[in-house]
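In the numbering used here, the protein residues as written are 18 to 415. All C-beta atoms, glycine included, are put in the ideal place defined by N, C-alpha and C. Given the structure is predicted, the values throughout are model-derived calculations rather than measurements.
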Ligand SMILES: Cc1ncc(COP(=O)(O)O)c(C=O)c1O
């Protein structure tokens with residue numbers, strides 16, 4: 018058959034893509050993992066998701082949901098039973114009180130909740146202060162919504178806590194919101210109550226919305242997680258984002274939520290109803306099971322993460338890769354200063370020469386220079402082997 022001739026000039030090009038989308042930086046993580054996927058015998062400390070499968074009874078709840086024919090839309094805001102369970106969970110755990118009918122919306126992961134928050138809150142040119150290093154999507158979500166992400170680096174010497182003076186200096190008449198994420202990806206930092214009280218004071222003084230991504234809230238080790246809206250006066254100016262991906266090992270189910278004052282949630286719901294309609298019904302049923310009966314699974318996984326955390330932090334520090342103790346999530350963020358390499362070179366050589374994958378710290382924004390992210394969401398024995406390989410590498414270059 019003869020080739021169908023495409024008239025010259027008919028091909029679609031980059032020029033057809035909206036400028037704000039074309040200008041988005043490709044994710045530093047993706048780029049790296051496309052290379053990892055082509056290699057054999059790699060130990061990956063690069064993964065940002067639990068290595069555990071979803072606990073059996075939670076999966077079974079999803080299967081039963083499908084078998085029972087629960088294959089239809091739910092209400093836009095999500096199953097009322099799930100919103101009720103979320104409200105009870107948040108009240109029981111943090112003493113923060115949300116009305117399931119109007120103050121909580123079930124989303125497709127925190128990813129969607131971030132998208133909704135930015136789209137609903139920002140007018141073109143509005144600024145959002147984003148402490149970095151942070152989850153790779155934060156800046157992109159702000160930009161996609163027409164806003165401007167003002168990056169505010171945090172530093173190892175402060176335990177990657179925010180400096181209140183720096184936060185206050187970053188505020189302009191265009192500042193609309195502060196987007197914080199603790200426990201932090203990639204540093205593992207858990208914000209102290211004192212640091213968060215400073216954020217609260219500043220948010221109040223400048224009438225800002227605080228978007229608090231608390232996706233890893235149950236994965237803390239030896240320190241409490243402070244739920245931002247539970248601080249005095251903060252419930253009324255905070256959008257709390259959370260979900261099931263990390264705590265319950267449910268990344269693929271894609272369930273998260275946003276909770277906040279009714280007027281804000283109404284805005285998010287307006288965007289959600291036209292873009293998503295409702296989060297997947299069987300996944301919502303599984304999430305409900307996770308909340309009602311899954312706490313012991315979280316605790317089992319948390320204990321195992323903690324064992325690995327102790328192994329990797331001690332191992333990295335012993336090799337001279339100085340690591341601030343991470344108290345949350347499942348990441349360690351060592352300095353690679355002793356090697357004299359930049360983080361991209363370190364990650365590339367470590368992968369090529371020793372088959373260990375880590376993520377260059379700059380993938381997470383300013384403040385990541387000279388650091389790499391090592392995830393310990395991988396088996397204990399694999400971490401032991403990765404440390405042996407790292408030792409060989411450091412002996413060559415350290
Ligand atoms: C801090 C943080 N927020 C949000 C997300 C997105 O999570 P979800 O699976 O709920 O969309 C991630 C995923 O890695 C994350 O690390």
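In this structure, 324 is the residue among 266, 324 and 365 with its C-alpha nearest to the C-alpha of residue 400.
Contact annotation: residue 184 and residue 216 have beta-carbon atoms nearer than 8 Å. For the 8 Å CB-CB criterion, residue 41 and residue 137 do not form a contact. The DSSP-derived three-state label of residue 363 is helix. Within the stretch 111-143, the complete beta strand (DSSP E) segments of 3 residues or longer fall at 121-124, listed in chain order.
Pairwise C-beta distances place the stretch 236-247 in contact with the stretch 196-209, as three or more of them are shorter than 8 Å. Three or more Cβ pairs drawn from the stretch 54-72 and the stretch 259-266 lie within less than 8 Å of each other, which places the two stretches in contact. If you check the CB distance, residue 165 and residue 155 do not come in under 8 Å. Shortest gap from the CB of residue 268 to any heavy atom of ligand 1: under 7 Å. Beta-bridge analysis with DSSP links residue 194 to 145 and 226.
A direct Cα-Cα distance of roughly 30 Å separates residue 229 from residue 73.
Cβ atoms of residue 301 and residue 95 come within 8 Å of each other, at about 6 Å. For residue 153, the secondary structure class from DSSP, reduced to helix, strand or coil, is coil. Take the alpha-carbon of residue 83 and the one of residue 358: they are about 51 Å apart. The secondary-structure analysis by DSSP pairs residue 165 across a beta bridge with 144. For residue 341, the CB stays at least 7 Å from every heavy atom of ligand 1. Distance from the C-beta of residue 230 to the nearest heavy atom of ligand 1 is below 7 Å.
In its chain, beyond the 5 residues on either side, 53, 372 and 374 have a beta carbon closer than 6 Å to the beta carbon of residue 59.
Under DSSP, residue 377 shares a beta bridge with 389. The shortest C-alpha to C-alpha distance from residue 379 to any of 367, 370, 368 and 362 is the one to 362.
Under the three-state reduction of DSSP, residue 49 is assigned to helix. Per the DSSP secondary-structure output, residue 30 pairs with nothing in a beta bridge. Contact between residue 249 and residue 257 is ruled out by a C-beta separation of about 15 Å, above the 8 Å threshold.
Runs of beta strand (DSSP E) with 3 or more residues, each lying fully within the stretch 214-290, are found at 226-230, 255-260 and 273-276, listed in chain order. Take the alpha-carbon of residue 114 and the one of residue 104: they are about 7 Å apart. Short note on residue 350: C-beta not closer than 7 Å to any heavy atom of ligand 1.
The C-beta distance from residue 255 to residue 277 rounds to 6 Å, short enough to meet the 8 Å contact threshold.
Here the stretch 117-134 makes no contact with the stretch 328-338; the two share fewer than three CB pairs at distances below 8 Å. In this structure residue 56 is exposed. Its beta-carbon is surrounded by fewer than 16 other beta-carbon atoms within 10 angstroms. Nearest neighbour of residue 337 by Cα position, chosen from 376, 315 and 408, turns out to be 408. Per DSSP, the continuous alpha helix (DSSP H) segment holding residue 397 begins and ends at 397-414. Residue burial annotation: residue 199 is buried, with at least 16 other C-beta atoms found within 10 angstroms of its C-beta. Under the three-state reduction of DSSP output, residue 345 falls in the strand class.
One alpha carbon belongs to residue 274, the other to residue 175, and they sit about 31 Å apart.
The Cβ atoms of residue 259 and residue 75 lie no closer than 8 Å to each other. As computed with DSSP, residue 352 is found in a beta bridge with 388.
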